[in-house]
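Inspection log for the structure reproduced underneath, given as structure tokens.
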Amino acid sequence: MADLHNDDDFGKLLDDWLDNVEAVSSQLSPEEQAEITKAGADVYADKLEKTTHEKHYRDGVDEELHLADDVKSQNTNLGGEIDGSSTVGFGEKAYIARFLNNGTKFMKGDHFVENTRQESIDDILTAEAIAYKKRIDEAQS
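In this text, residue positions in the sequence shown follow the numbering used here: the first is 159, and each later residue adds one.
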């Protein structure tokens, strides 16, 4: 039979840890939250740029800006407000990305945006966890 005293100590340890994490996380300003989510957004933007270049890059096109070179990440929401979120997408060439991703009645889409997001989720969360841990370590010191 388990020793209840040890279980109580472990429970107290977990409660103390949870209180510490909640205290740090609830004290993060939207700017600090945006810094954390931006780390993940940058990882996703890099992977999306690479995937776009591999699947949809055309050499010899007389365009100033190719779709693969138009991937952007920002530490604001779509409206440009700092609320703790970060966004990733395409700039001026977004309409082309939509056609390639979703398809049209004349061509089938390949869903490269969604597929890249799903393939990158572990790396995105790892980058955010590293940024979050850095923020917690700074708060505790």
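Glycine residues also receive a C-beta, built at the ideal position from the N, C-alpha and C atoms.
The structure displayed is predicted, hence computed values, not measured ones.
- The beta carbons of Ala285 and Val179 sit no closer together than 7 Å.
- About 6 Å separates the beta carbon of Leu258 from that of His214, a gap short enough to meet the 8 Å contact definition.
- A contact is defined here as three or more CB-CB pairs under 8 Å, and the stretch 167 to 177 fails this definition with respect to the stretch 222 to 239.
- In the DSSP annotation of this structure, the continuous segment of the alpha helix (DSSP H) that includes Phe257 starts and ends at Ala252 to Asn260.
- With a contact defined as Cβ atoms closer than 8 Å, Ala192 and Val246 miss out at about 13 Å.
- For Gly169, the secondary structure class from DSSP, reduced to helix, strand or coil, is helix.
- Separation of the CB atoms of Asn233 and Thr195 is rounded to 7 Å, and the pair is thereby assigned contact status at 8 Å.
- Assignment of beta-bridge partners to Thr245 by DSSP yields Gln232.
- Residues of the same chain with a CB within less than 6 Å of the CB of Val271, apart from the 5 flanking positions on each side, are Asn259 in chain order.
- Around the beta carbon of Glu239, fewer than 16 other beta carbons lie within 10 angstroms, which makes this residue exposed.
- In the structure shown, Lys263 adopts coil according to DSSP, grouped into three states.
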